[in-house]
Structures are given as structure tokens and as C-alpha cells.
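Take a look at the structure set out below.
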Amino acid sequence: MMQTAATSQSDTLDRFISVYTSLRKDNLNSLDEIYSEDVVFEDPAHRIEGYGNLSRYFESMYTNVTDCRFDIHDHAVNGDVAFISWTMTLSHPKLEGGAERAVKGCTRLVLKEGRVVVHRDYFDLGEMLYEALPVLGSAVKMIKKRLGQ
Numbered sequence: 001m002m003q004t005a006a007t008s009q010s011d012t013l014d015r016f017i018s019v020y021t022s023l024r025k026d027n028l029n030s031l032d033e034i035y036s037e038d039v040v041f042e043d044p045a046h047r048i049e050g051y052g053n054l055s056r057y058f059e060s061m062y063t064n065v066t067d068c069r070f071d072i073h074d075h076a077v078n079g080d081v082a083f084i085s086w087t088m089t090l091s092h093p094k095l096e097g098g099a100e101r102a103v104k105g106c107t108r109l110v111l112k113e114g115r116v117v118v119h120r121d122y123f124d125l126g127e128m129l130y131e132a133l134p135v136l137g138s139a140v141k142m143i144k145k146r147l148g149q
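Counting in the UniProt record's numbering, the sequence shown runs from 1 upward without gaps.
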């Protein structure tokens, strides 16, 4: 049976989700199954170009966290673009004494030839990081409260 482009992109997205939902410190090499060599990764704090740089970023991040896992809620593919909504649960020894923090977010992917060529994460960096810091956390929470969030 011949695969359509939609089926192929859907398979690529399924593979991406499978890698991320099982990603741990000891299997970071599985990222190389989903990203192109010239991938561009962006989130509220970083812009990373190239798989080698992205791989080093993940190694550094996972070395510094106690735990990081993703729960996927919804996903969709439209042509070469895919969207995923998720919750990342993260614990870092320097944030709130290592307590777990859950942050909701969304990812936009551009897919090409069975690989991710663009990965853009959208989430509230204040919720993930700044709110967990002494003094600054209180200020961020106060500002959000005043904005009605």
C-alpha cells in the first residue's frame, strides 16, 4: 500500500511523540531519530540551530534536572506542520528545593522527509522558572494576579 504525504507526516508526528514521552537521561540519543541535521529549535529562552547544538543542549538540561517528562494531550497534522499540546513536569534541585513543577505548553513542528526541521515551543517561562525563584517569584505572581491571570 502506498503511503500518502498525510500518513507519512502523521507517522513522523507519532514517532516524535513516542520519543518525547519516553525521553530520559539515559536515552537522549533517541532524539537523533526525529530531528534533521539542520533543525532549528526555539523556545522562550533559546534559539538553537543544528542537531549537534540541540543534542548538547538536551544533554546539559537533562544533566541538571532531577526529572523531566512530557504528557501529551492533543496533536494534529496539517500538511507539513504539526501541533502538540503537552504538560511538562520538571524537578530541578535549585527550584523550590527540587519540587515538581508542571508547565503546560504547545509545540509547533515543521516536518520534512520524516524528520523535524523546525521545533518551536510555546510556554510561560515565568511559570516554569521565574515563579520558582525567591523574591522574583513573588513579584511575577503579583504581576500576573494584577493582569487577571
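All C-beta atoms, glycine included, are put in the ideal place defined by N, C-alpha and C. Computed from a prediction, not measured in an experiment: that's the story for all the values here.
Annotated three-state conformation of leucine 28 is helix, per DSSP. The bridge partners DSSP lists for glutamate 49 are Val40. Leucine 90 places its beta carbon 9 Å or farther from that of serine 55. The three-state reading of DSSP puts serine 8 in helix, counting H, G and I together. Burial of threonine 12 is indicated by the presence of at least 16 other C-beta atoms within 10 angstroms of its C-beta. In this structure, DSSP gives valine 65 a state outside helix and strand, which the three-state scheme calls coil. Straight-line spacing of the CA atoms in histidine 73 and valine 81 works out to 17 Å.
By the CB criterion at 9 Å, valine 110 and phenylalanine 123 fall outside the cutoff.
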